[in-house]
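Participant:
2 protein chains.
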Amino acid sequence: MSFFRSRWVERPAHVAELEPTALPAGFRAAGVAAGIKAEGLDVGLLVNDGPVHVSAARFTSSALLGAPVVVSKEAALDRLRATLASSGNANVADGVRGLETARAAQSAAAAGLAVESYEVGIAATGVIGRALPRERLLAGVDSAGAELAADSRAFSEAILTTDRAPKRACLAVELDGGQVRLAAQAKGAGMMSPSFATLLCFVETDAALSAATLDLLTGVTVKRSFDRISVDGQLSTSDTVFCLANGASGVRVEPETDDELRFGEALDALLRQLALEIVSDGEGCERIGRVVVRGAWHLVQPVARAVANSPLVKTALHGADPNFGRILQAAGQALAVHGGGGFAVDLEVEGRALVAGGEGLELSADDWRALEQAVRAPEVEYALAVPGEGGEAEVFFSDLSHGYVSLNADYTT
Amino acid sequence: MSFFRSRWVERPAHVAELEPTALPAGFRAAGVAAGIKAEGLDVGLLVNDGPVHVSAARFTSSALLGAPVVVSKEAALDRLRATLASSGNANVADGVRGLETARAAQSAAAAGLAVESYEVGIAATGVIGRALPRERLLAGVDSAGAELAADSRAFSEAILTTDRAPKRACLAVELDGGQVRLAAQAKGAGMMSPSFATLLCFVETDAALSAATLDLLTGVTVKRSFDRISVDGQLSTSDTVFCLANGASGVRVEPETDDELRFGEALDALLRQLALEIVSDGEGCERIGRVVVRGAWHLVQPVARAVANSPLVKTALHGADPNFGRILQAAGQALAVHGGGGFAVDLEVEGRALVAGGEGLELSADDWRALEQAVRAPEVEYALAVPGEGGEAEVFFSDLSHGYVSLNADYTT
Chain A
-4 MSFFRSRWVE RPAHVAELEP TALPAGFRAA GVAAGIKAEG LDVGLLVNDG PVHVSAARFT
56 SSALLGAPVV VSKEAALDRL RATLASSGNA NVADGVRGLE TARAAQSAAA AGLAVESYEV
116 GIAATGVIGR ALPRERLLAG VDSAGAELAA DSRAFSEAIL TTDRAPKRAC LAVELDGGQV
176 RLAAQAKGAG MMSPSFATLL CFVETDAALS AATLDLLTGV TVKRSFDRIS VDGQLSTSDT
236 VFCLANGASG VRVEPETDDE LRFGEALDAL LRQLALEIVS DGEGCERIGR VVVRGAWHLV
296 QPVARAVANS PLVKTALHGA DPNFGRILQA AGQALAVHGG GGFAVDLEVE GRALVAGGEG
356 LELSADDWRA LEQAVRAPEV EYALAVPGEG GEAEVFFSDL SHGYVSLNAD YTT
Chain B
-4 MSFFRSRWVE RPAHVAELEP TALPAGFRAA GVAAGIKAEG LDVGLLVNDG PVHVSAARFT
56 SSALLGAPVV VSKEAALDRL RATLASSGNA NVADGVRGLE TARAAQSAAA AGLAVESYEV
116 GIAATGVIGR ALPRERLLAG VDSAGAELAA DSRAFSEAIL TTDRAPKRAC LAVELDGGQV
176 RLAAQAKGAG MMSPSFATLL CFVETDAALS AATLDLLTGV TVKRSFDRIS VDGQLSTSDT
236 VFCLANGASG VRVEPETDDE LRFGEALDAL LRQLALEIVS DGEGCERIGR VVVRGAWHLV
296 QPVARAVANS PLVKTALHGA DPNFGRILQA AGQALAVHGG GGFAVDLEVE GRALVAGGEG
356 LELSADDWRA LEQAVRAPEV EYALAVPGEG GEAEVFFSDL SHGYVSLNAD YTT
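Quick mapping for you: the protein sequence lines, in order, are chains A and B. Mapping of the first sequence onto the working numbering: position 156 corresponds to residue 151, and the numbering continues sequentially without gaps. Mapping of the second sequence onto the working numbering: position 178 corresponds to residue 173, and the numbering continues sequentially without gaps.
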């Protein structure tokens, strides 16, 4: 099956899929079981062997930051040589002790790789408010350092929590200057919101890019991917994206060239498909939706997020219920807060007009049956027009199922 | 069992409970089955027989208003003589036809009671975006008019949708001038948010109050009750509270007197307990929480609502899981949006300090067991201190259970 399995992401013509666990030239990775989780791999290490070391990073916007985020933000984020990730415990709200644990892990990884601590980015995901077992983590860092290999298999498993499966891909990207590789490993299944999602994502490429170019491309593509998804509207304390580039391919991506555009398209498709995998792997998710809102620029974002975050819309999506009244209700709530004035919206579900100017349209029995059929698909699209012009916003969202309740009612116990 | 069964509401000493379906002197009510719902009573009529007719009303703040809300807002809201309610179809997003149906029902009730249309308030609850069957509603209005009686039994049932049971009470309130009665019937189980809840509530009293006094007391007590609850964070298109007073007791409640205070205390206790019944009857609800946030006035409301609306907090409440990290996560998300700056919070759960200055505290094994026991109770209290001073906000909220998903995944089908 193709990595690009959503109808909402197209594989660019100049992109080919490689083995999903492959890595670009000059990268090694490892994943080990350190006992932070009850079972499974839980400490991962990713190393950029050069020849150059360029990086970019993005983090959660929560006011409550995990200790790994605090420590990583103090690192040399434009020239990281390695990243360390652990799962099972997010190391959040543990005060000075949590910061010390994060710094100790960063230093241990740096020492093992003979680099500086500020050249190592760190990330963690898992339960909040419990002490992360420092000795286990440090032992895991040492073990991982001894197992580095030229594929992402174990690393991509070590970053998971409630994910159903690893999320990873490796692409070959044809540029004018030659072929480069672009790979990523992501994690995320809950505590996600369109304002960035609870996720860890590690991106590697053997293209040669300046730090400024990599930062620009990372920012733009994260905004169009992880920034546009919602599982439960909850913003994590630990969201982290690291992009690493090493130039090992010898192919240079210069600013404002066709190659930059083509590389950016590949990165965009990669991150969008990974974001959709996170949504469809949303805790208990069985069906995913895309809402596109057009209208005044200050209205489209809050309306799209209100629809995507509404538990009533999510349960209707889960039940394959064409209950478009809940879309209107969510839009009405957001428009009231954000000054949408009168309530004249148009709504299409799977290309069928259901509401025009705020009024429900009559559907023939045949149309209604076709609609009921359409909302049973694995991906359902909603298009909403609100007052005004010039703005457009999309959000991808998971349904709300019994699985979500089961997973989250018992997560720490 | 006492009506005042929550530990968060005290019965004032001057208040006694009467039969819950009793009505104050000078009120009659009825409920009939008109076929709007597949089964059960679905049209209710409530009449104030005087001698005077004073009223107050509050409505949803959604930008999308149900036709009954639009029509009621044009009525003489300070001197209503009757209210009409129907359930099963909210009459929302049906355009001109929906407005005509609402006006026709208002007129039919008025004609049957020989009053003016603008003296009748109307309300409806149920599915959004479907045409309300006009002829059935009008036939129901006629039937209800023929069955008016001096109790609220059938009326309180006719306003329900997914509610597990009627929510109603009748109180005797001792004032200096003598005894008055105060009754209410409420409805609500889903699509609720702290900014008013999806609910219908009808309040009757035989006290004599000016329209201004009744409006003042209604506003204050609605703010402290229905405005402070969350089932799923979703604001309804149809929320409506009507308060009717007729002076039939001959006891006058003058502004700025002890009697006004005592009457207000009774109304406050009545509406708060009804609001808690709505939360605990929240779709699928098995346990309810109260979050109290203290700190800067501009932070306490959004933080309290973020905690109360978080599906992660709600599932943890459901699972009796003392996962306080999710409280911190929700607070962190809200503080980031509302400018809370640094993240130094204190958190107590059921009176036990778990976090101080943003850091998790060590709990002894005994304390942890006691906490685990405490969060298994039917009501769980969270107290959060955020930066700043002077503000305090509380929100009551339901858990998120399998029952919510089951009810809402299949609601229209």
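The C-beta atom is built at its ideal place from N, Cα and C for all residues, glycine as well.
So what does DSSP say about A:Val168, is it helix, strand or coil?
Facilitator: The sequence position of residue 168 of chain A within the first sequence is 173, counting from 1. Residue state, collapsed to three classes: strand.
Participant: Within 10 Å of its beta-carbon, does A:Leu256 have 16 or more other beta-carbons around it, so buried, or fewer, so exposed?
Facilitator: The residue given as residue 256 of chain A occupies position 261 in the first sequence. Exposed, because fewer than 16 other Cβ atoms sit within 10 Å of the Cβ of A:Leu256.
Participant: How many angstroms separate the CA atom of A:Gly214 from the CA atom of A:Ala240?
Facilitator: Position 219 of the first sequence holds residue 214 of chain A. Position 245 of the first sequence holds residue 240 of chain A. Rounded to whole angstroms, A:Gly214 to A:Ala240 spans 15 Å at the Cα level.
Participant: How about A:Glu354: is its C-beta nearer than 8 Å to some C-beta of chain B?
Facilitator: Mapped onto the first sequence, residue 354 of chain A falls at position 359. Answer yes: the Cβ-Cβ gap between A:Glu354 and chain B drops below 8 Å somewhere.
Participant: My understanding is that A:Leu330 touches A:Leu294, with C-beta atoms under 8 Å, so please give their C-beta distance in whole angstroms.
Facilitator: Residue mapping note: residue 330 of chain A aligns to position 335 of the first sequence, counting from 1. Residue mapping note: residue 294 of chain A aligns to position 299 of the first sequence, counting from 1. At roughly 7 Å, the Cβ-Cβ gap stays under 8 Å, so A:Leu330 and A:Leu294 are in contact.
Participant: With the cut-off set at 8 Å, would you say A:Val248 and A:Val381 are in Cβ contact?
Facilitator: For the purposes of this step, residue 248 of chain A is taken as the residue at position 253 of the first sequence. For the purposes of this step, residue 381 of chain A is taken as the residue at position 386 of the first sequence. The answer is no: Cβ separation not under 8 Å.
Participant: So with Cβ pairs under 8 Å, would you call A:Asp316 a contact of chain B?
Facilitator: As a first step, residue 316 of chain A is located in the first sequence; it is residue number 321 there, counting from the start. Yes, its Cβ sits closer than 8 Å to a Cβ of chain B.
Participant: Out of curiosity, what's the CA-to-CA distance linking A:Ala118 and B:Gly346?
Facilitator: Locating residue 118 of chain A in the first sequence gives position 123, counting from the first residue. Locating residue 346 of chain B in the second sequence gives position 351, counting from the first residue. Roughly 33 Å between the two C-alpha positions.
Participant: What's the C-alpha gap between A:Val217 and A:Phe237?
Facilitator: Within the first sequence, the letter at position 222 stands for residue 217 of chain A. Within the first sequence, the letter at position 242 stands for residue 237 of chain A. Cα to Cα, the separation comes out at about 11 Å.
Participant: Kindly list the residues whose CB is nearer than 7 Å to the CB of B:Asp263, restricted to its own chain and excluding five residues on each side of it in sequence; keep chain order.
Facilitator: As a position in the second sequence, residue 263 of chain B is number 268, starting the count at 1. Cβ neighbours of B:Asp263 beyond the five flanking positions: Thr216, Arg219.
Participant: Over what stretch of residues does the beta strand (DSSP E) that includes A:Phe237 continue unbroken?
Facilitator: Here residue 237 of chain A refers to the residue found at position 242 of the first sequence. Element bounds for A:Phe237: 235 to 240.
Participant: Restricting to Cα atoms, I'd like to know which of A:Ala378, A:Leu13, A:Ala372 is closest to A:Leu166.
Facilitator: Against the first sequence, residue 166 of chain A aligns to sequence position 171. Among A:Ala378, A:Leu13, A:Ala372, the Cα nearest to that of A:Leu166 is on A:Leu13.
Participant: Output yes or no for whether 8 Å exceeds the beta carbon distance between B:Pro46 and B:Ala243.
Facilitator: Within the second sequence, numbered from 1, the residue matching residue 46 of chain B stands at position 51. Within the second sequence, numbered from 1, the residue matching residue 243 of chain B stands at position 248. Inclusion of B:Pro46 and B:Ala243 in the CB contact set at 8 Å is warranted, their separation being smaller than that value.
Participant: State the beta-bridge partners of B:Thr200 as determined by DSSP.
Facilitator: Taking the first residue of the second sequence as 1, we reach residue 200 of chain B at position 205. Answer is B:Leu177, B:Ala240.
Participant: Over the uninterrupted beta strand (DSSP E) stretch that includes B:Glu82, give me the two end residues.
Facilitator: Taking the second sequence and counting its residues from 1, one reaches residue 82 of chain B at position 87. With the sequence shown as reference, residue 82 of chain B is identified as Ser, and Glu is not the correct amino acid for it. Residue range 77 to 84 is occupied by the beta strand (DSSP E) that includes B:Ser82.
Participant: Taking the alpha-carbon of A:Val226 as reference, which of A:Ala126, A:Ala24, A:Glu34, A:Val400 has the nearest alpha-carbon?
Facilitator: As a position in the first sequence, residue 226 of chain A is number 231, starting the count at 1. Of the listed residues, the one whose Cα sits closest to A:Val226 is A:Val400.
Participant: Mind checking if A:Gly90 is an interface residue toward chain B, Cβ cutoff 8 Å exclusive?
Facilitator: If you number the first sequence from 1, residue 90 of chain A lands on position 95. Yes - at least one Cβ of chain B is within 8 Å of the one on A:Gly90.
Participant: What does A:His48 reach in chain B if we use C-beta pairs closer than 8 Å?
Facilitator: Working through the first sequence from its first residue, we reach residue 48 of chain A at position 53. Those within 8 Å of A:His48 in chain B number zero; the least Cβ separation is about 31 Å.
Participant: Can you list, in chain order, the residues of its chain with a C-beta nearer than 8 Å to that of A:Thr408? Leave out the 5 residues immediately preceding and following it.
Facilitator: Taking the first residue of the first sequence as 1, we reach residue 408 of chain A at position 413. The pLDDT assigned to A:Thr408 is 40, lower than 50, so where the model puts this residue is not dependable, and the model offers no usable value.
Participant: DSSP has A:Ala144 in a bridge; who is on the other side?
Facilitator: Stepping through the first sequence from its first residue, residue 144 of chain A is reached at position 149. BP columns for A:Ala144 point to A:Ala24.
Participant: If the cut is a Cβ gap below 9 Å, which residues of chain B does A:Ile224 touch?
Facilitator: By 1-based counting over the first sequence, the position of residue 224 of chain A is 229. Simply none; closest approach about 15 Å.
Participant: In or out: B:Pro63 buried (at least 16 other Cβ within 10 Å) or exposed?
Facilitator: By one-based count along the second sequence, residue 63 of chain B stands at place 68. Counting Cβ neighbours within 10 Å, B:Pro63 comes out buried, since at least 16 surround it.
Participant: Excluding the five sequence neighbours on either side, which residues of its own chain have a C-beta within less than 8 Å of the C-beta of A:Gly124, listed in chain order?
Facilitator: Here residue 124 of chain A refers to the residue found at position 129 when the first sequence is read from its first residue. So the qualifying residues of the chain are Val87, Ala88, Asp89.
Participant: Would B:Asp234 and B:Phe54 be called neighbours here (beta carbons separated by less than 8 Å)?
Facilitator: Along the second sequence, one-based indexing puts residue 234 of chain B at 239. Along the second sequence, one-based indexing puts residue 54 of chain B at 59. Yes, the pair counts as a contact, with Cβ atoms nearer than the cut-off.
Participant: For a cutoff of 8 Å on Cβ pairs, would you count B:Ser67 as touching chain A?
Facilitator: Within the second sequence, the letter at position 72 stands for residue 67 of chain B. No, because no Cβ of chain A sits closer than 8 Å to the Cβ of B:Ser67.
Participant: Quick check on A:Gly135: does DSSP put it in helix, strand or coil?
Facilitator: Within the first sequence, the letter at position 140 stands for residue 135 of chain A. The answer is helix: DSSP assigns A:Gly135 an H, G or I state.
Participant: Closest to A:Ala178 by CA distance: which of A:Leu266, A:Gly172, A:Ala301 is it?
Facilitator: As a working mapping, residue 178 of chain A is identified with position 183 in the first sequence. A:Ala178 has its Cα closest to that of A:Leu266, out of A:Leu266, A:Gly172, A:Ala301.
Participant: Run down chain A in chain order and give the residues with a C-beta less than 8 Å from the C-beta of B:Phe258.
Facilitator: By one-based count along the second sequence, residue 258 of chain B stands at place 263. Going along chain A, no residue has its Cβ under 8 Å from B:Phe258, so there is no contact; the nearest lies around 32 Å.
Participant: Per DSSP, which residues does A:Ile224 bridge with? Please list them.
Facilitator: The sequence position of residue 224 of chain A within the first sequence is 229, counting from 1. Answer by DSSP bridge pairing, in chain order: A:Phe391.
Participant: Put A:Arg2 into one of helix, strand or coil per three-state DSSP.
Facilitator: Position 7 of the first sequence, counted from the start, is the residue given in the question as residue 2 of chain A. Three-state DSSP puts A:Arg2 in coil, outside helix and strand.
Participant: So, are the CB atoms of B:Glu278 and B:Ala184 less than 8 Å apart?
Facilitator: In the second sequence, counting from the first residue as 1, residue 278 of chain B sits at position 283. In the second sequence, counting from the first residue as 1, residue 184 of chain B sits at position 189. Closer than 8 Å, so yes.
Participant: Going straight from the alpha carbon of B:Gly173 to that of B:Glu142, what length do you get?
Facilitator: Indexing the second sequence from 1 puts residue 173 of chain B at position 178. Indexing the second sequence from 1 puts residue 142 of chain B at position 147. Looking at the two C-alpha atoms, the distance is approximately 31 Å.
Participant: Between B:Ala70, B:Glu384, B:His397, B:Glu376, which has its C-alpha nearest B:Ala52's C-alpha?
Facilitator: As a working note, residue 52 of chain B is residue 57 in the second sequence. Ranking B:Ala70, B:Glu384, B:His397, B:Glu376 by CA distance to the CA of B:Ala52 puts B:Ala70 first.
Participant: Which chain B residues are close to A:Leu127, counting only those with a beta carbon under 9 Å from its beta carbon?
Facilitator: In the first sequence, the residue the question calls residue 127 of chain A occupies position 132. The premise fails here: A:Leu127 is roughly 11 Å from chain B at the closest Cβ pair, so nothing lies under 9 Å.
Participant: What's the gap between the Cα of A:Gly61 and the Cα of B:Cys196?
Facilitator: Counting from one through the first sequence, the residue named residue 61 of chain A turns up at place 66. Counting from one through the second sequence, the residue named residue 196 of chain B turns up at place 201. Distance between the alpha carbons of A:Gly61 and B:Cys196: 44 Å.
Participant: In this structure, how does DSSP classify A:Leu194 when only helix, strand and coil are distinguished?
Facilitator: Within the first sequence, the letter at position 199 stands for residue 194 of chain A. Coil.
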